[in-house]
Amino acid sequence: MKTVLKTNITVKDICDGFVYNELEGKGLFGLSGKLTIQPEYQRNYIYASDGGKREMAVIESILKGYPIGLIYFNQVSENNLEVLDGQQRITSVGRFVTDKFAIVDENGLQQNFSGMAKDRKAKILETKLLIYECEGTESQIKEWFKTINIAGVPLVSQELLNAIYSGPFVTLGKEEFSNSQNANIQKWSAYIRGSANRQAFFERALDWVSKGNIDDYMSIHRNDKNINELKKYFNSVIDWISSVFTNVESEMCGLEWGRLYEEYHKKAYNPTKVSAEVQKLYNDPYVKNRKGIFEFILGGSADTKLLEVRIFDEATKKSVYKVQTAQAEKKKVSNCSHCVTGHEANKIKIWKLDEMEADHVSAWSKGGKTSVKNCEMLCKTHNRAKGNR
Ligand SMILES: [Zn+2]
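See the structure below:
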């Protein structure tokens with residue numbers, strides 16, 4: 107790969123013919139149309155989020171004469187360059203000189219570009235950027251792109267995969283899943299954590315349809331001219347969740363819905379009963395892990411481990427142990443009631459406190475309380491053999 111360092115390109119040159127697409131949230135062109143700022147494999151513009159702190163910082167750096175770092179262009183053809191790295195910074199500069207946002211000056215006043223003093227305007231426009239122009243094969247460039255992005259604001263892995271497998275499939279996928287204008291995003295956000303422009307929904311859709319093998323799936327479908335399978339599978343999962351669980355609870359967000367769909371979507375559920383059971387468990391003070399409620403119900407309300415039912419506290423365990431052990435010593439039998447009825451040498455064994463575990467006499471799942479009256483200490487072997495009832 108060939109690289110040339112350019113030190114004479116100014117902000118003014120870069121911003122000549124700058125176009126920003128509000129709808130897509132992308133900086134598009136610069137350098138009098140010669141430069142494509144946002145190639146397919148670049149992520150959307152994110153410096154305007156967080157109240158625009160980052161884009162303001164770019165302008166403040168330039169005004170103070172601080173370097174804004176290396177920028178990489180890729181020579182696509184004789185007259186065409188695209189931004190390989192530095193798209194966010196270039197878009198910040200372009201947006202500022204076209205009055206898309208203002209900075210706050212030393213007196214705390216909002217200051218946009220066109221209202222600035224002449225010398226400050228000139229300072230920005232005449233700032234020279236450090237730009238590497240590179241020329242190489244697609245795979246060389248992509249490999250390199252992967253490496254340089256380890257520095258700076260890291261790309262999340264889905265953004266990297268979008269870069270590596272760029273093509274019609276990624277373009278269509280991003281149109282559907284990474285488009286913050288898509289009206290479905292609100293619905294999806296109930297179940298999936300993250301934001302559209304950082305690829306959270308695209309990643310989840312790919313993860314579900316590929317059963318976790320996103321890389322392979324993207325490689326196979328890279329040149330597909332449609333995303334039908336991906337979309338269909340994704341919608342099946344979403345529709346299934348909302349038909350089984352009719353009320354949206356905040357703990358539903360971010361669960362492994364793809365796995366749960368695969369495991370349970372062939373079973374029939376009565377949404378009215380499910381809804382009542384969700385409410386019952388939400389109101390149960392012994393349920394520690396509310397995220398587990400959904401899988402617990404899907405699995406037939408059997409696996410109480412998923413709920414992390416509140417266990418007995420240390421004081422309760424100690425007092426129960428004391429009483430139980432005193433009685434056992436009197437009778438010269440084991441202090442584990444299960445060992446007593448066994449046929450091993452353990453029949454008369456007195457276990458230490460830390461060799462025992464607390465058990466619900468009447469199971470929690472059958473309404474048993476987590477109180478002293480309902481607590482029995484068992485040796486670890488017997489408690490675990492009993493399992494979660
Ligand atoms: Zn025992």
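Every position in the sequence shown, counted from 1, becomes a number in this note's numbering once 106 is added.
Each residue gets a CB set at the ideal place from its N, CA and C atoms; glycine is no exception.
None of these values were measured; they are calculated from a predicted model.
Work out the CA separation of residue j and residue i for me, nearest whole Å.
| i | j | result |
| --- | --- | --- |
| lysine 293 | proline 377 | 18 Å |
| valine 210 | isoleucine 165 | 10 Å |
| threonine 352 | isoleucine 344 | 12 Å |
| alanine 296 | methionine 358 | 7 Å |
| tyrosine 375 | phenylalanine 207 | 52 Å |
| glutamate 249 | glutamate 463 | 55 Å |
| arginine 365 | arginine 226 | 57 Å |
| asparagine 319 | leucine 312 | 8 Å |
| threonine 447 | serine 407 | 31 Å |
| glycine 157 | valine 199 | 16 Å |
| tyrosine 172 | valine 110 | 23 Å |
| alanine 491 | phenylalanine 340 | 40 Å |
| asparagine 303 | serine 443 | 60 Å |
| threonine 197 | lysine 132 | 8 Å |
| isoleucine 237 | threonine 113 | 6 Å |
| lysine 140 | glutamine 193 | 15 Å |
| cysteine 121 | asparagine 185 | 17 Å |
| leucine 169 | glutamine 385 | 57 Å |
| glycine 221 | alanine 163 | 19 Å |
| alanine 289 | isoleucine 399 | 29 Å |
| isoleucine 152 | glutamine 144 | 12 Å |
| asparagine 213 | isoleucine 291 | 40 Å |
| leucine 336 | threonine 142 | 29 Å |
| valine 354 | serine 167 | 45 Å |
Quick one, which of the options has its alpha-carbon nearest residue i's?
| i | options | result |
| --- | --- | --- |
| isoleucine 115 | Leu176, Arg160, Leu484 and Ser301 | Leu176 |
| asparagine 329 | Phe202, Ile291, Ile120 and Gly279 | Gly279 |
| glutamate 241 | Asn303, Lys108, Phe207 and Glu309 | Lys108 |
| methionine 324 | Ser272, Asn290 and Lys112 | Ser272 |
| glutamate 128 | Phe179, Glu369, Asn285 and Asn341 | Asn285 |
| arginine 299 | Met162, Ser356, Ile347 and Val350 | Ser356 |
| glycine 360 | Ile326, Glu244 and Trp314 | Trp314 |
| serine 348 | Val380, Glu335, Ile326 and Leu336 | Val380 |
| aspartate 497 | Ala382, Ile174, Asp205 and Ser183 | Any question about residue 497 goes unanswered here, given that the chain covers just 107 to 495. |
| lysine 317 | Thr476, Asn180, Ile168 and Trp363 | Trp363 |
| leucine 413 | Lys423, Thr422, Glu401 and Lys170 | Glu401 |
| asparagine 489 | Ala469, Val478 and Ile333 | Ala469 |
| lysine 372 | Leu404, Pro391 and Lys394 | Leu404 |
| tyrosine 367 | Lys386, Gln385, Ala382 and Trp346 | Trp346 |
| lysine 498 | Leu387, Ala434 and Lys397 | Only positions 107 to 495 of the chain appear in the structure, and residue 498 is not among them; the question remains open. |
| valine 117 | Tyr153, Asn180, Lys159 and Arg201 | Arg201 |
| leucine 187 | Leu134, Asp390 and Thr410 | Leu134 |
| lysine 428 | Glu450, Arg416 and Glu482 | Glu482 |
| lysine 424 | Glu282, Tyr392 and Val478 | Val478 |
| glutamate 461 | Ser440, Ser245, Lys486 and Arg195 | Lys486 |
| alanine 382 | Asp409, Asp419 and Val350 | Val350 |
| serine 301 | Asn332, Glu265, Pro274 and Ile333 | Glu265 |
| asparagine 218 | Glu161, Phe179, Ser263 and Tyr178 | Glu161 |
| aspartate 119 | Leu235, Glu309, Tyr178 and Phe179 | Leu235 |
| aspartate 465 | Lys455, Phe418, Ala434 and Gln433 | Phe418 |
With which residues is residue i paired in a DSSP beta bridge?
| i | result |
| --- | --- |
| histidine 466 | Cys481 |
| glutamate 239 | Val110 and Phe179 |
| threonine 142 | Phe135 and Glu188 |
| tyrosine 126 | Gly133 |
| lysine 234 | Thr116 |
| glutamine 217 | Ile209 |
Taking all protein chains shown into account, do 16 or more other C-beta atoms lie within 10 angstroms of the C-beta of residue i, making it buried, or fewer, making it exposed?
| i | result |
| --- | --- |
| valine 189 | buried |
| valine 203 | buried |
| threonine 277 | exposed |
| asparagine 480 | buried |
| arginine 495 | Unreliable positioning characterises arginine 495 in this predicted model, as indicated by a pLDDT of 44, which lies under 50. The coordinate reading is nonetheless provided below. It counts as exposed. |
| glycine 136 | buried |
| threonine 431 | buried |
| leucine 459 | exposed |
| aspartate 322 | exposed |
| valine 467 | exposed |
| glutamine 246 | exposed |
| histidine 92 | Residue 92 is absent from the structure shown; the chain starts at 107 and stops at 495. |
Measuring from each Cβ to the nearest heavy atom of ligand 1, keep the ones under 5 Å and list them in chain order.
Cys442, His444, Cys445, Cys485 and His488
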